[in-house]
Amino acid sequence: MRFQNLARYPDIGTNCYLLETGGTRIVLDAGTHPKHTGKDTLPLFEKLEPGSLDAILLSHPHLDHIGGLPVLMKQHPEAAVAMTEATRENGGALLHNSVNVMKAQREELDEPAYPLYSHRAVDEAERTWLTREVGETFSLGDRERVSCRFFRAGHVLGAVGIRLEHDNRTFFYTGDVHFEEQTLVRAASFPVEKFDAMAIETTRGDHQRDPEYSRAAEQRRLGEAINRTLDRGGAVLIPVFAFGKTQELLLMLRELIDADVIPPVPVHIGGLSTRMTQIADRFSHDPGRNHRGFKLLEEFPGLRVLARGHREPEFHPGAIYALSSGMMSEHTVSHRFARRILPSEAHSILFVGYADKDSLAGRILAAGKGGRVALSDNSPHESEIRCDVERFDFSGHAPREQIVDYTVSCDPKTVLLVHGDEPARAWFKAELERRLPKARVIIPAPGESVDL
Ligand SMILES: [Zn+2]
Ligand SMILES: [Zn+2]
1160 MRFQNLARYP
1170 DIGTNCYLLE
1180 TGGTRIVLDA
1190 GTHPKHTGKD
1200 TLPLFEKLEP
1210 GSLDAILLSH
1220 PHLDHIGGLP
1230 VLMKQHPEAA
1240 VAMTEATREN
1250 GGALLHNSVN
1260 VMKAQREELD
1270 EPAYPLYSHR
1280 AVDEAERTWL
1290 TREVGETFSL
1300 GDRERVSCRF
1310 FRAGHVLGAV
1320 GIRLEHDNRT
1330 FFYTGDVHFE
1340 EQTLVRAASF
1350 PVEKFDAMAI
1360 ETTRGDHQRD
1370 PEYSRAAEQR
1380 RLGEAINRTL
1390 DRGGAVLIPV
1400 FAFGKTQELL
1410 LMLRELIDAD
1420 VIPPVPVHIG
1430 GLSTRMTQIA
1440 DRFSHDPGRN
1450 HRGFKLLEEF
1460 PGLRVLARGH
1470 REPEFHPGAI
1480 YALSSGMMSE
1490 HTVSHRFARR
1500 ILPSEAHSIL
1510 FVGYADKDSL
1520 AGRILAAGKG
1530 GRVALSDNSP
1540 HESEIRCDVE
1550 RFDFSGHAPR
1560 EQIVDYTVSC
1570 DPKTVLLVHG
1580 DEPARAWFKA
1590 ELERRLPKAR
1600 VIIPAPGESV
1610 DL
């Protein structure tokens, strides 16, 4: 077996890995990088000879795992592409949205390579995607000699870890994983067995989670922050990613309303969030879901869906605005809405997801209440942050200790550390070398091949 790291950078983003075994060549994920532009956002696809792939497997539909898929498929029309049904539905919608974003950026960033693919290319790609269920065993390769199986990874609905086996040799790729229950997404259910090699995500390797942390307490703290805002006649802005976090948040709010922690006030969503919530509702009976059967768009009390074409919801104090994007990127509803929220001490911005330090969300968090931020990348004008600003941890990634514990329980011969910044991978390497002294623990450089 041979592993090659096709990620272009030694960090999170452009996830793409080649596994070669018994003459079968399988690519795991094909992501884009959120902080680069044009062709630099793609993995090292140029290292793959055209027509040389048997299969492409997708762990889940976040763009750092799927954003480059249409480009890879165009270069390798021969490859079978497989994923779960939830990844297929959500991935299609997210790739179409990504075409729209790239079209807008073509002018704005003067990036002639954009869009990297068209709506038509996404439609055509989608038609050929195969769906495989969690727990189903299927074969890959010409002589079908590689056996493959998906395991529920937590993280987001439909996310999987991928187990490959050939000639009694086994490989396991965690993808992005969470071992704890979220509100909507059930916890990972990963196999514990002695793998020859594992590729594991290291996202949260750079810090230890507060040992006192509990998601339930964090949810309650969110409810209390909402209540304080409503009590003083304010509105709450919660910038959220359209896929995953929006639906997690809506279910958390529903639980808080049911438990009488917060009153049943109107909750507004809009834009891409509506589309992604429609898809989540179609999967309301998915075995990977909690609150099985509950349809958010039909059954959530007081949900207000922003009509198509409206660029901004009407603003009313006493309401919650759960608007995308999570990082408040320019030209998104949450970015535009910031102008309404920032100037008043009555309002709050509550952050529930990841925020890059260079995004508006990251800048507001860094400046805090009383600080100043430039709302636009191109304007020196700064606005004062007069509203409350709070952050909550509802991460969909496992804390580092849990990933190490899981890896140790599998006692692999080789561990490949992927999907993490340098300090994060360094922590994992030191910790795993200490706890698995016989294992090879490798941080594969971009492009590097490792014989397993
Ligand atoms: Zn992810
Ligand atoms: Zn990821």
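If you use my numbering, the sequence shown corresponds to residues 1160 to 1611, in order. Glycine included, C-beta positions come from ideal geometry on N, C-alpha and C. Every value quoted in this text rests on a predicted model; they were computed, and no experiment measured them.
Which of helix, strand or coil DSSP assigns to residue i
i	result
V1293	strand
L1343	coil
F1331	strand
M1487	coil
H1427	strand
D1390	helix
A1505	coil
V1260	helix
H1325	strand
P1229	helix
S1298	strand
M1613	Nothing can be reported for residue 1613, as the shown portion of the chain is limited to 1160 through 1611.
A1514	coil
N1249	helix
Q1378	helix
C-beta atoms of residue i and residue j nearer than 7 angstroms
i	j	result
G1429	L1465	yes
R1545	F1510	no
G1226	A1272	no
L1410	L1343	yes
A1613	V1336	The structure shown has nothing for residue 1613, since the chain only spans 1160 to 1611.
A1347	A1312	yes
W1288	R1345	no
V1600	V1567	no
F1349	F1310	yes
C1569	F1354	yes
S1507	T1405	no
P1472	P1423	no
P1202	A1166	yes
M1487	D1515	no
F1474	R1499	yes
D1213	G1300	yes
Top-ranked residue by Cα proximity to residue i, from the options
i	options	result
S1306	H1314, D1326 and W1288	D1326
H1494	A1520, Q1406 and G1181	A1520
L1323	P1209, V1420 and R1184	R1184
L1482	G1190, G1555, T1566 and L1408	L1408
T1206	N1164, M1242 and Y1168	According to the sequence displayed, residue 1206 carries Lys and not Thr. Residue N1164 is the option with its Cα nearest to K1206.
V1420	R1594, V1609, S1443 and A1375	A1375
E1339	R1448, V1567, L1222 and T1290	R1448
G1320	R1304, R1291 and R1302	R1291
A1439	V1548, H1235, Y1565 and L1456	L1456
C1175	I1385, A1358, R1345 and L1289	A1358
L1275	K1454, A1238 and K1233	K1233
E1237	E1208, G1530, L1253 and K1516	E1208
F1162	S1518, T1173, P1460 and V1186	V1186
E1458	V1563, F1331, I1416 and D1445	I1416
A1526	S1538, Y1513, N1537 and D1547	D1547
L1231	I1215, H1219 and P1220	I1215
V1351	P1605, V1563, E1377 and K1528	V1563
R1380	V1426, Y1513, D1552 and E1283	D1552
V1293	P1446, S1538 and E1414	P1446
M1530	D1515, S1518 and P1502	Position check: residue 1530 holds Gly in this sequence, whereas Met was assumed. Of the candidates D1515, S1518 and P1502, the one whose C-alpha sits nearest the C-alpha of G1530 is P1502.
N1249	D1390, L1222 and G1182	L1222
Separation of residue j from residue i, as counted between CA atoms
i	j	result
L1396	A1533	18 angstroms
R1328	T1243	24 angstroms
T1362	I1479	30 angstroms
H1612	F1587	Outside the shown range of the chain, which is 1160 to 1611, sits residue 1612, and nothing can be said about it.
S1535	E1489	7 angstroms
S1257	P1596	43 angstroms
P1193	S1608	25 angstroms
A1189	D1199	13 angstroms
H1540	P1605	39 angstroms
T1173	F1453	34 angstroms
S1542	P1425	28 angstroms
G1393	A1505	4 angstroms
S1211	H1235	7 angstroms
Proximity test, residue i beta-carbon vs ligand 3 heavy atom, cut-off 6 angstroms
i	result
D1223	Absent from the structure shown: ligand 3. Ligands present: ligand 1 and ligand 2.
Legend entry - Beta carbon shell of ligand 1 at less than 5 angstroms from a heavy atom: H1221 and D1335
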